[in-house]
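Comments concern the structure below.
Residue numbers (this note's numbering), protein chains in the order written: chain A, 2 to 314; chain B, 94 to 459.
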């Protein structure tokens, strides 16, 4: 049996790492959904970003370029979804699924074609915060991570502030709640929706880059393992709020670490599957709680989520 | 003075004019051109990365031409068809069930539960094993489908989000069972259920091959067609789907209609899970579905929510799944290559739906 504090520390590290991948994608999806665009293509954008990051890294040995290309990859897929669901007013569920299979298809096809399966790169180095990283148990998890992780923390604050404390944020929320009213107030509904959908794509691409550049620095097909779908669940649990997404991300990330933790303490009999269900069950409860009158305003989905907007109808 | 031309494109000059009607042949032409465009774009992509597009298309076509592969196509199409039929019913009601994946898992769990019981503690007479699996798979799928329907009717819970969450819970439950109590003692710790005995497998179709589940699914599509077009419930489904308010004025209960629709929809998805077990896998494994519950959404939508057209759409997508394997074996391409083609078909057909509804006019030119 291992030392409990070592296990706790390892679990926390996994929770933060897995959580940050989910967090980045969820932050982007929060903006898309807040503007009324449901994008079920997160998994595809993430997979495409993950592949393009590692391909660029192999070709140029530049982390900066690799991250930028991954962001552009996610962005370009989300642009397809944006055109289809905003201008062409198509069914957002079908369009989002198309993006998911397009991203998974492109990454599988290109990755195998380039023959990079299992070829390792040097992972993005961790930058430890002097002093803080020496704190036992929590130090290594929170203060000895790569720069993308620190960027994600900063992004939570920035995106929360933008959404709830600025004019642009108010416009985004209005467009997602009542696009006709936003339009009559002179807000550019399509412009806002494009902006938010593209932010979603860019961040999904970045989260893919974090997987391949940061934690699993060798590519295999299907390595996103449904994380994009989990990120969509996280958006709901976070009730479309960036700061709550931070807490939810550690919860979702934490349950990922459970099976291994149980193994290492010798409790193989505890069915970790049931504990892994907890965040999803919790998310369902949050959804149901939205029907309670006093809570509705705080936890309900954007009213125009998934609905196309046009002036004539 | 500003001159509008394609080279001086100003989005403000674009006007969309709603078409009053579109001749049927023109509508089909739009969809077909979407399909052709998908072929062309995929071909260009193949050429760029140095794959002979004709060789690739030939390999893809074999799923529908080569007798052995055709049998696999029929097998892979079966769960897609069952699940898509269930979705057709729900989508007609404007109930966006994304949960076919979870309902399908519940069907597989029910089927595997019966088999496990049969093999361990309580051996049933051999002839009733398949019917028993069939009924329990339908019931468990239906139960799992009704839950989000009631959440929607009673608590206004958005079904897209709730069914997505229920998918994870069903998958995790399945994983628990095949890692735990239902694990095959002979599988050396791998997450597999016991191997299904012959009496739990669907027999092959004579002469053609492929599991006879496809025939049952085809019959089911006729039944769903009749339910939707010839019964009171089908009428209620359409009225409520078009306008919940209008259906209330007509005295229809939304709760009743949505619950019934999801009993049928979830049950059919449950049968999809059972047909995976008894027609393809022969045992429950981790990630057995390959996201078939999501692919079924595409099948249902491409079929225009018509249960009879869904047979063809499911057959096409079953074939594409087999093509993926063929491409991997013959041309060493990723099996997910056909995903690109699927996605492009969807993107272009989605776009053509728009062009069917609207004419695009440049104000400056006109």
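Positions of the beta carbon are idealized from the N, C-alpha and C atoms, including for glycine.
What you are looking at is a predicted structure, and each value in this text was computed from that prediction instead of being measured.
Inset, instruction - Would you mind giving the Cβ-Cβ distance between residue 248 of chain B and residue 289 of chain A, rounded to the nearest angstrom? I have them listed as a contact below 8 angstroms. - result: The Cβ separation is near 5 angstroms, so the contact holds.
Inset, instruction - Check residue 241 of chain A in the structure and name its three-state DSSP category. - result: Coil.
Inset, instruction - Say whether chain A places a C-beta atom closer than 8 angstroms to the C-beta of residue 189 of chain B. - result: Using a CB distance cut-off of 8 angstroms, residue 189 of chain B counts as an interface residue toward chain A.
Inset, instruction - Output, in chain order, the set of chain B residues within a Cβ distance shorter than 8 angstroms of residue 113 of chain A. - result: In chain order, 425, 426 and 427 make up the part of chain B whose C-beta sits under 8 angstroms from the C-beta of residue 113 of chain A.
Legend entry - Boundaries of the alpha helix (DSSP H) in which residue 226 of chain B is found, first to last residue: Taken as a continuous stretch (DSSP letters only), the alpha helix (DSSP H) holding residue 226 of chain B covers 219-248.
Inset, instruction - Please name the residue in A:91, A:120 and A:16 whose C-alpha comes closest to that of residue 56 of chain A. - result: With distances taken between Cα atoms, residue 56 of chain A lies closest to A:120.
Inset, instruction - Could you tell me whether the Cβ of residue 395 of chain A comes closer than 8 angstroms to any Cβ of chain B? - result: Because chain A here runs from 2 to 314, residue 395 of chain A falls outside it and cannot be looked at.
Legend entry - Rounded separation between residue 233 of chain A and residue 39 of chain A - CA only: Going from the Cα of residue 233 of chain A to the Cα of residue 39 of chain A covers about 10 angstroms.
Legend entry - CA-to-CA distance, residue 418 of chain B to residue 157 of chain B, given in whole angstroms: Taking the Cα positions, residue 157 of chain B is about 14 angstroms away from residue 418 of chain B.
Legend entry - Buried or exposed (CB count within 10 angstroms, at least 16 for buried), residue 189 of chain A: Exposed: under 16 other Cβ atoms inside 10 Å.
Inset, instruction - With a 10 Å radius around its C-beta and 16 neighbouring C-beta atoms as the bar for buried, classify residue 159 of chain A as buried or exposed. - result: Residue 159 of chain A counts as exposed, since fewer than 16 other beta carbons sit within 10 angstroms of its beta carbon.
Legend entry - Beta-carbon proximity list for residue 428 of chain B, same chain, < 8 angstroms, skipping 5 on both sides: Hits under 8 angstroms: 417, 418, 420 and 421.
Inset, instruction - Compute the Euclidean distance between the alpha carbons of residue 154 of chain B and residue 4 of chain A, then round it to the nearest angstrom. - result: Their Cα atoms are separated by approximately 58 angstroms.
Inset, instruction - Using 10 angstroms around the beta-carbon of residue 118 of chain B, count the other beta-carbons present and answer buried if the total reaches 16, otherwise exposed. - result: Residue environment: residue 118 of chain B is assigned as exposed (fewer than 16 neighbouring CB atoms within 10 Å of its CB, all protein chains considered).
Legend entry - chain C contact for residue 255 of chain B (CB, 8 angstroms cutoff): The displayed structure is made up of protein chains A and B, and chain C is not among them.
Legend entry - Alpha carbon of residue 458 of chain B to alpha carbon of residue 86 of chain A, nearest angstrom: Annotation note: pLDDT 49 at residue 458 of chain B (below 50); position unreliable, coordinate value reported separately. Cα to Cα, the separation comes out at about 27 angstroms.
Inset, instruction - Using the Cα positions of residue 65 of chain A and residue 245 of chain A, report the straight-line distance between them to the nearest angstrom. - result: Between residue 65 of chain A and residue 245 of chain A, the C-alpha separation is close to 29 angstroms.
Inset, instruction - Please report the Cβ distance between residue 43 of chain A and residue 26 of chain A, rounded to the nearest whole angstrom; I am assuming they are in contact, meaning their Cβ atoms lie under 8 angstroms. - result: The pair is a contact, with the Cβ atoms about 5 angstroms apart (cut-off 8 angstroms).
Legend entry - Span separating the alpha-carbon of residue 201 of chain A from that of residue 229 of chain A: If you take the alpha carbons of residue 201 of chain A and residue 229 of chain A, they lie about 12 angstroms apart.
Inset, instruction - For residue 258 of chain B, decide whether its Cβ has a neighbour in chain A, counting only Cβ atoms nearer than 8 angstroms. - result: Answer yes: the Cβ-Cβ gap between residue 258 of chain B and chain A drops below 8 angstroms somewhere.
Inset, instruction - Going by CA-CA distance only, name the one from B:241, B:147, B:167 and B:193 that's closest to residue 255 of chain B. - result: Among B:241, B:147, B:167 and B:193, the Cα nearest to that of residue 255 of chain B belongs to B:241.
Inset, instruction - Have a look at residue 110 of chain B and residue 194 of chain A and give me their C-alpha separation to the nearest angstrom. - result: Near 22 angstroms, if we compare the C-alpha coordinates of residue 194 of chain A and residue 110 of chain B.
Legend entry - Contact under 8 angstroms by Cβ, residue 217 of chain B with residue 225 of chain B: Contact annotation: residue 217 of chain B and residue 225 of chain B have beta-carbon atoms nearer than 8 angstroms.
Legend entry - Own chain residues within Cβ distance below 7 angstroms of residue 235 of chain A, not counting five before or after: Closer than 7 angstroms at the Cβ level, and outside the excluded window around residue 235 of chain A, lie 23, 27, 246, 249, 250 and 253.
Legend entry - Cutoff 8 angstroms: residue 150 of chain B Cβ touching any chain A Cβ: False, the Cβ-Cβ gap to chain A never drops below 8 angstroms.
Inset, instruction - Report buried or exposed for residue 35 of chain A, applying the criterion of at least 16 other Cβ atoms within 10 angstroms of its Cβ. - result: By the neighbour-count rule (16 or more Cβ atoms within 10 Å), residue 35 of chain A is buried.
Inset, instruction - Name, in chain order, the residues that DSSP records as bridge partners for residue 121 of chain A. - result: Per DSSP, the beta-bridge partners of residue 121 of chain A are A:219.
Inset, instruction - Using a Cβ cut-off of 8 angstroms, pull out every chain B residue sitting near residue 302 of chain A, in sequence order please. - result: Think of a sphere of 8 angstroms around the beta carbon of residue 302 of chain A: the chain B residues whose beta carbon falls inside it are 251 and 254, in chain order.
Inset, instruction - Could you say if the segment 177-197 of chain B and the segment 442-449 of chain B meet the contact criterion of at least three C-beta pairs nearer than 8 angstroms? - result: Touching, no.
Legend entry - According to DSSP, residues forming a beta bridge with residue 451 of chain B: Answer is B:111.
Inset, instruction - State buried or exposed for residue 82 of chain A, treating a residue as buried only when at least 16 other CB atoms are found within 10 Å of its CB. - result: Burial call: buried.
Inset, instruction - Evaluate the contact criterion for the segment 134-142 of chain B versus the segment 346-364 of chain B: three or more CB pairs, one atom per stretch, below 8 angstroms. - result: Judged by pairs of C-beta atoms under 8 angstroms, the segment 134-142 of chain B does not touch the segment 346-364 of chain B, as fewer than three such pairs exist.
Inset, instruction - Check whether the Cβ of residue 31 of chain A lies closer than 8 angstroms to any Cβ atom in chain B. - result: Among the residues facing chain B, residue 31 of chain A is not included, as its CB has no counterpart in that chain under 8 angstroms away.
Inset, instruction - Pull up the CB-CB distance for residue 377 of chain B and residue 267 of chain B, whole angstroms please, since I reckon it's below 8 angstroms. - result: Contact flag correct, Cβ pair sits at about 7 angstroms.
Inset, instruction - Specify whether the segment 276-283 of chain B and the segment 293-302 of chain B touch according to this definition: at least 3 beta carbon pairs, one from each stretch, less than 8 angstroms apart. - result: Touching, no.
Inset, instruction - Rank A:108, A:7, A:309 and A:155 by C-alpha distance to the C-alpha of residue 223 of chain A and give the top, closest one. - result: Just measuring C-alpha positions, the residue of A:108, A:7, A:309 and A:155 sitting nearest residue 223 of chain A is A:108.
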